[in-house]
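Read through the structure below, which is laid out as C-alpha cells, and then see the notes.
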Amino acid sequence: MKISKCGLGLAVTLVAFASAAAIFGSRYAARHAPSFAPKAVAAAAQVRVNGSQPRMPLAHLRLSGQVIELAPGAPLTVTATVGGSTFPATVSGNTYTVSIGRPAAGQMITLDARSTRVHYRAAIGSAGRARTQAGSDSHLTLSEQPSLRISPYGTALQWLVRYALGNRDANSDAEFEKMMRVAASSDLEYAAYSMAIFARGEPITEPFNAYADGYELVRDRAAFGRFINYGAREASTGYLYAQAHEQALSSLEGLPDPLVLLSGGPREQVPFVGLYANVYLLSRRGDGRFDFNERWPLSNVANSLSFNGQGRVQLAPVGTQVRVIGKMVDVGGGHMVQFDFDRSAAGRTLKRLTKGDSTSLWILRSVWHDQDKRNPAAPMVEEIEYQVLSSTALESGTLPNGWASVANSTVALPWMCGAYPSQEEQIYDFSQCEYVEHKFNAGGTGSTVDHGWKVHPQTMEPKQPRSQPFTWALAGPGALDITDGNVATTFWRLKDYPADIGPVFFRSRSIAGVWGGKTMVGVSMAATKRMTSWPAASAIGNWRIPEPEYLSTWYTGENHSTVVQRNSGGTGQQTIASGSPTHFWWQAVGSAVYDKRVFVWYYGYPANPPYTVTCEAGIADGGTGCNTRVRYFKPIARVGDRYYGIGNIYVRYFYPEDVEHGYPEESWNQHLLSELVYYDCTGGACLTAATPSAQGPRVVPLAGRRDQPAVRAATPPRGQRIPGRHN
C-alpha cells in the first residue's frame, strides 16, 4: 500500500503519543492532549474512509501542457475554468502548469489560451476523468491526456460541440463525445485551419482582417461561411493530418474490432441524409487480414493492416480495388466537362486526433490512382483525399436489444437494390435506392409498403406503388437481418438516440444478379410507424422544410430556411429565404401529399409566367423545355408539431422536338431523394389535424440552428441541351 509522507507523519505522531501516555500515565496524557487533540480531530475530519483503511485528502489536481500554433515570441496567458471558478496558469514559453484545487468529479474543465491574434479554448473533460488519468500524483500531463495540447484543432472541436448544444458547453464526458460525432466533418478542418493562419500572422483579406483572432471569426457563422470560400476551403486540405495535435495508438491492439467510422451524425431526433456521409467498417478476417467496407459497393475489400510506429494505422489493399468516378476536365477555354475515370485505391492511413471512452475522432488519408477511361495509355494521376471521421466499436456502440420488439411493427428503413428494380429507376450499381416502410410479421416474414416510384414517369401524377416481400431474423447482439431475392442486409441501431426515431448502421451484400458479390456499408435512420392515417386537411397550413439540416457539413452552410404554404384549394407556394415565391399545386392521395411544380424555359426574355399547371401547357405557350418536380411526403410519426415521414423528390426533364435546330424530342427522369425527413408545422390545420405520438418530448430547435442553403438549380445530364434561359 502506497502511503504519502503526510499520512506517514500522522501515523508516527499517533503511535508516539499512545506510547508516551502508556509510559508516563494519565497525567502526561491530560497535560498534552489539549494541544494535540484539535489537530488530530481536524485531520481526521478530512480523512475519507475506504473500507477499514483511512485515506488522506485528495491532493490538488494539477494540469501541465503546451500551446501550439503561436507566433514566435508572442506573449501567452493560460487560464483554467472549472465550474464557476477560474485558475491562472504559470507559463514558460509555450508550456503551462495550473492547479485547479479539488473540483467535484462531475465538473467540466476548459482551458483558455490568449496571445497575439490567438484565442484558443480546449475542452479537457470532467475532473473525475482527469484525476483518474493523472494517477496517484494528481498531476495530469500531455503523455496522459493529449487534449492538454491547446491548439486550433481542439478549439474548433469544442466550438462545434458547443454550437451543436445550443451555445453551451457539454455537461458531461458522455454528452461531449456524443456531439463529437456531429462535429466530425470538413467543417472541423476549415475552422482549425482558419484559426491557425490568424495565429501565424498570415495576411487576412478584408473584411475578415477586422476580427481580432480566428476564434472570433469562426464564431461568426455567416462571416466564416464566406471566409472559407476565399480560398481557405482548398488551402485547409490536409491541415489536420499535418498538425501536431494527435492521440496516437500504442499498438494495433488498441483498435476496436469491428470499428465503424462515420462522418457527421444526427442530433437527437434530427435525421441526416446518409447518402452523403462517408462510412466505413474495419473488421478482422479469419486469415489475419482486414476488410475495409465503404459506402461505395466493391467486390474486393481485403486489406493488410500495419502499425507504423508513430501511432498511425496503415491499410494497403490486397488485390485491385477499383471504382468508376466522374471528374471535371478542362477541355479548353475554361470549359469544364465531366468524364469517367477508373479510381484505384493505393493505400490509406488513419491518424487518431481524440480518444474518448466510446467515441474517437480520426483523419483518414487516402491515396488514389485515377485513370482516364477515354485514354487507357495516359499516365495515372495521383489524388490524395482527407476525411474527418468519428469512430465507435460496433458491439459497444450499438443497442444490444435494438430490435427486440420489431415483430408485428412497421419500421421505415433504407432499401438496397441489387438489380434493376424498375424501368423508372436509373440504377447503375448496387446501391441504396429507396427509403421505405417495412412491415414485420411474426415468424420472420414481411413485406414493404408503398414501394417503388410514387409517380408515373411521364405524367408525374400519383400512381399505385407496389410491395416487396422479404424475410427477417434477429442475428447476434443487436443485429437485424433482412433478405430479399438479391440482397442481404444487417442493421444495427446506434446507442444514445431515441428508440423510435434514431440512426442505424448497416452492412449490405448483393447475393445475386449482375452485381452479385459486392458489399457496402451505410448509415440511415429507422423510424417506427405511429400514424396509421393522415387526413388531407392535415396538409393545409404553413410548414418549414429543413432538408439540408440533415447534412453533416451543416456549420458552413448558408443561413436561411424554406417555408411552404399549402392552401385549401390545392395551390401553394414555397419561399426560400427572402426570395420570390415558387408556386406549386398539391394533392393528398391516401396518407401522402404530392407537391408538383412545373417550370418552363423560354428563349429570350418573354413575359410568359415560368410556372404552369402542366408541361404541355407551357410548351404550347412557347416554352422550349420544362422541368417537372414532385415532392412526396408520407408522415409516419408526429412529435409535437414536427411530422416525421418518408420524403421523395422526383424530377422529369422534357424538351419537344426542335426541327429548326435538328433536335429530337428528349425526356428523362431522376429520383433525387428518398430518405426520412421531417416537416415542422408552424401554423394552420396541421397543428390540430393529427394526434402526436406518445414517444417523448420534441427536441427543441437549437439556438443558432442550421438552416438550409439554397437548392441548386438542376442541370441536364452531360450531352443534353441547355435551355436558353432559366426564367
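So this note's numbering is basically just the index in the sequence shown, starting at one, shifted up by 186. Positions of the beta carbon are idealized from the N, C-alpha and C atoms, including for glycine.
On the CB-based measure, 16 or more other CB atoms within 10 Å of its CB, does residue i come out buried or exposed?
i, result
"His521", "exposed"
"Arg348", "buried"
"Leu445", "buried"
"Ile726", "buried"
"Asp636", "buried"
"Gly287", "exposed"
"Asn627", "exposed"
"Glu363", "buried"
"Ser301", "buried"
"Lys188", "With a pLDDT of 41 at Lys188, under the threshold of 50, the predicted position of this residue should be treated as unreliable, though the coordinate-derived value follows. Label assigned to Lys188: exposed."
"Arg693", "buried"
"Val673", "buried"
"Met514", "exposed"
"His246", "exposed"
"Asp373", "buried"
"Trp787", "buried"
"Arg892", "Confidence is the limiting factor: at Arg892 the pLDDT is only 33, short of 50, which leaves the residue's position unreliable and the question unanswerable from this model."
"His431", "buried"
"Tyr789", "exposed"
What is the C-beta distance between residue i and residue j, in whole angstroms, given that I count them as a contact (C-beta under 8 angstroms)?
i, j, result
"Ala382", "Met365", "Going by Cβ atoms, the distance from Ala382 to Met365 rounds to 22 angstroms, so no, they are not a contact pair."
"Arg335", "Leu346", "Between Leu346 and Arg335 the Cβ distance is about 18 angstroms, and since that is not below 8 angstroms, they are no contact."
"Arg615", "Trp701", "The identity of residue 615 in the sequence shown is Asp, whereas the question assumes Arg. Yes, they are in contact, since the Cβ atoms of Asp615 and Trp701 sit about 6 angstroms apart, within 8 angstroms."
"Ser617", "Lys625", "Incorrect: roughly 23 angstroms between the Cβ atoms, too far for contact."
"Val622", "Ala590", "Not really, about 22 angstroms apart at Cβ, beyond 8 angstroms."
"Arg783", "Arg828", "24 angstroms between Cβ atoms; not a contact."
"Gln760", "Val750", "5 angstroms"
"Arg817", "Met717", "Arg817 to Met717, Cβ: 19 angstroms. No contact."
"Val707", "Glu480", "7 angstroms"
Which of helix, strand or coil does DSSP assign to residue i?
i, result
"Ile209", "Any reading at Ile209 must be qualified, since the residue scores a pLDDT of 36, below 50, and its modelled position is unreliable; the value itself is stated next. Helix, per DSSP."
"Arg217", "The predicted position of Arg217 is uncertain, since its pLDDT is 39 and thus under 50; no value can be drawn from it."
"Tyr788", "coil"
"Val885", "Because Val885 sits at a pLDDT of 35, beneath the cut-off of 50, its placement in the model cannot be relied upon, and the point is left open."
"Gly870", "coil"
"Val592", "coil"
"Ala421", "helix"
"Val779", "strand"
"Val635", "strand"
"Ala896", "The predicted position of Ala896 is uncertain, since its pLDDT is 33 and thus under 50; a value taken from the coordinates is nonetheless stated next. Ala896 falls in the coil class under three-state DSSP."
"Tyr683", "coil"
"Asn280", "coil"
"Leu461", "helix"
"Asp543", "coil"
"Asn587", "coil"
"Ala647", "Here residue 647 is Glu; the residue named in the question, Ala, does not match the sequence. If DSSP states are grouped into helix, strand and coil, Glu647 belongs with coil."
"Tyr741", "coil"
"Arg731", "A small correction: the amino acid at residue 731 is Ile; Arg does not occupy that position in the sequence shown. If DSSP states are grouped into helix, strand and coil, Ile731 belongs with coil."
"Val504", "coil"
"Thr901", "Here the model assigns Thr901 a pLDDT of 36, short of 50, so the residue's position is not dependable, and the following value carries that caveat. Here Thr901 sits in coil by DSSP."
"Trp720", "coil"
"Tyr146", "Any answer about residue 146 is impossible in this case: the structure gives the chain only from 187 up to 913."
So what does residue i bridge to, in DSSP terms?
i, result
"Arg693", "Thr676 and Val707"
"Glu620", "Trp601"
"Lys513", "Phe525"
"Pro274", "Thr265"
"Leu328", "Answer is none; Leu328 lacks a bridge partner."
"Gly831", "Pro821 and Val863"
"Ala665", "Trp678"
"Asp556", "Arg529 and Val567"
"Ser576", "Leu448 and Leu547"
"His915", "In the structure as shown, the chain starts at 187 and stops at 913, and residue 915 therefore has no counterpart that could be examined."
"Cys812", "Val786 and Phe840"
"Phe998", "Lying before the first or after the last residue shown, residue 998 is absent from the chain, which here runs from 187 to 913."
"Ala712", "Gly688"
"Trp345", "According to DSSP, which records beta bridges pairwise, Trp345 is partnered with nothing at all."
Can we count residue i as close to the ligand SAM, meaning its CB is less than 7 angstroms from some heavy atom?
i, result
"Gln455", "As presented, the structure is devoid of all ligands, the ligand SAM included, so that no description of it is given."
- Within the chosen definition, does the stretch 537-557 reach the stretch 640-653 through at least 3 CB pairs nearer than 8 angstroms? Short answer: they don't touch.
- For the stretch 504-514 against the stretch 473-492, are there 3 or more C-beta pairs whose distance is under 8 angstroms? Yes, the stretch 504-514 touches the stretch 473-492.
- Task: Indicate whether the contact test is met: 3 or more Cβ pairs, each with one atom in the stretch 448-460 and one in the stretch 581-595, closer than 8 angstroms.
- Result: The stretch 448-460 and the stretch 581-595 do not touch, with fewer than 3 CB-CB distances between them shorter than 8 angstroms.
- Message: Three Cβ pairs or more, each shorter than 8 angstroms: is that satisfied between the stretch 850-870 and the stretch 703-720?
- Response: Touching, per the Cβ criterion.
- Mind the definition here: the stretch 407-427 touches the stretch 744-754 only if three or more C-beta pairs lie below 8 angstroms; say whether that holds. Flag = yes, the stretch 407-427 and the stretch 744-754 touch.
- Message: Check whether the stretch 278-294 and the stretch 243-255 are in contact - that is, three or more C-beta pairs closer than 8 angstroms.
- Response: With the cut-off at 8 angstroms, the stretch 278-294 and the stretch 243-255 touch.
- Can you find at least 3 beta carbon pairs, one from the stretch 555-568 and one from the stretch 656-666, that sit closer than 8 angstroms? Touching, no.
- Could you tell me whether the stretch 456-472 touches the stretch 671-685, using the rule of 3 or more Cβ pairs below 8 angstroms? Not touching, per the Cβ criterion.
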